[in-house]
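Enquirer:
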Amino acid sequence: MTKLHFETNVHDINQHQIIKLPKEISDQLPSRGMVMFEGTLNQIVFQAALEPDGLGSHWFELDDKLIDDAALSTGGLVKLEISVLDNWYEPVVPKDLEVALKSSELLDLWDGLTVRARWEWIRWIQFTKNPDTRKRRIEVTCSKLDNGKKRPCCFDLTRCTVTEVSSNGVLKG
1 MTKLHFETNV HDINQHQIIK LPKEISDQLP SRGMVMFEGT LNQIVFQAAL
51 EPDGLGSHWF ELDDKLIDDA ALSTGGLVKL EISVLDNWYE PVVPKDLEVA
101 LKSSELLDLW DGLTVRARWE WIRWIQFTKN PDTRKRRIEV TCSKLDNGKK
151 RPCCFDLTRC TVTEVSSNGV LKG
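If you use UniProt numbering, the sequence shown corresponds to residues 1 to 173, in order.
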């Protein structure tokens, strides 16, 4: 895929600094679901995951280092250049899931999944604000892995799973 160039503004949703991709840029991506990319933002090189916004486009959260390095502020205009990565980077496994995988002796099965599948399980687990639902999803994950399932079923990969910035799977704002 060629490099995509665009300008947009930094947005703030519930104290999370994010970049929303313009729809015409997002339309050029290979998936309506999560996409990994590398790029430059105000000439600072970085990698990130594009999360779906639930409406057919994408967004990503800016980490503190990138905000500082690129001297970003809410509302500020930024220039981006992005390229889709074929190889996904490893997700950070939430501590509660890691503990459950260890206690269920499923770490080898987890490690045998594709990186993309691990992302899908984590996104499905985090797609709830209810702690009891999250706990149950971790239990279901362990059970399904133990029964040979490699991916969560019936999970709409085009929904925004970051509950701090979304409502019903759609990015706020």
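Where a beta carbon is used, it is the ideal one built from N, C-alpha and C, also for glycine.
Could you tell me whether the segment 3-22 touches the segment 71-90, using the rule of 3 or more Cβ pairs below 8 Å?
Expert: These segments touch.
Enquirer: Here's the rule: buried if 16 or more other CB atoms are within 10 angstroms of the residue's CB, otherwise exposed. What is C142?
Expert: Result: buried.
Enquirer: Give me the Cβ distance between R35 and H58, rounded to the nearest whole Å; I'm assuming they're in contact under 8 Å.
Expert: Per the sequence shown, the amino acid found at residue 35 is Val instead of Arg. Right, their Cβ atoms sit about 7 Å apart.
Enquirer: Could you tell me which residues DSSP puts in a beta bridge with W110?
Expert: W110 is not bridged to any residue.
Enquirer: Please determine, among A48, C160, I67, the residue with the shortest C-alpha to C-alpha distance to W88.
Expert: Measuring from the Cα of W88, the nearest candidate turns out to be A48.
Enquirer: Is the separation between the beta-carbon of K150 and that of L113 shorter than 8 Å?
Expert: Yes; because the gap between Cβ atoms is below 8 Å, this pair is in contact.
Enquirer: Have a look at the DSSP bridge pairing and note the partners of S8.
Expert: With the sequence shown as reference, residue 8 is identified as Thr, and Ser is not the correct amino acid for it. DSSP, once it has assigned bridges, lists V78 as partnering T8.
Enquirer: Could you pull the start and end residues of the beta strand (DSSP E) that T40 belongs to?
Expert: Start and end: 35-41.
Enquirer: What is the DSSP secondary structure of K23, reduced to helix, strand or coil?
Expert: Reduced to three states, the DSSP call for K23 is helix.
Enquirer: Quick one: give me the first and last residue of the alpha helix (DSSP H) that Q126 is part of.
Expert: Where Q126 is concerned, the enclosing alpha helix (DSSP H) stretches over 115-126.
Enquirer: Closest by CA to Q43, which one among R32, L55, F60, L66?
Expert: Q43 has its Cα closest to that of L66, out of R32, L55, F60, L66.
Enquirer: Under 8 Å: do the segment 70-79 and the segment 94-111 share three or more Cβ pairs, one atom per stretch?
Expert: No, the segment 70-79 does not touch the segment 94-111.
Enquirer: Compute the beta-carbon to beta-carbon distance between Q126 and L62, rounded to the nearest angstrom, for a pair I have assumed lies under 8 Å.
Expert: Wrong, their Cβ atoms sit about 19 Å apart, outside the cutoff.
Enquirer: Assuming G54 and R123 are in contact, meaning their beta carbons sit under 8 Å apart, how far apart are those beta carbons, in whole angstroms?
Expert: Wrong, their Cβ atoms sit about 12 Å apart, outside the cutoff.
Enquirer: Comparing C-alpha positions only, which one of N14, G33, S31, N9 sits nearest to P22?
Expert: Out of N14, G33, S31, N9, N9 has the C-alpha closest to the C-alpha of P22.
Enquirer: Between F46 and K95, what straight-line distance do the alpha-carbon atoms span, to the nearest angstrom?
Expert: If you take the alpha carbons of F46 and K95, they lie about 25 Å apart.
Enquirer: When the Cα atoms are used, what is the spatial distance from T161 to V170?
Expert: Spanning the two alpha carbons is a distance of roughly 8 Å.
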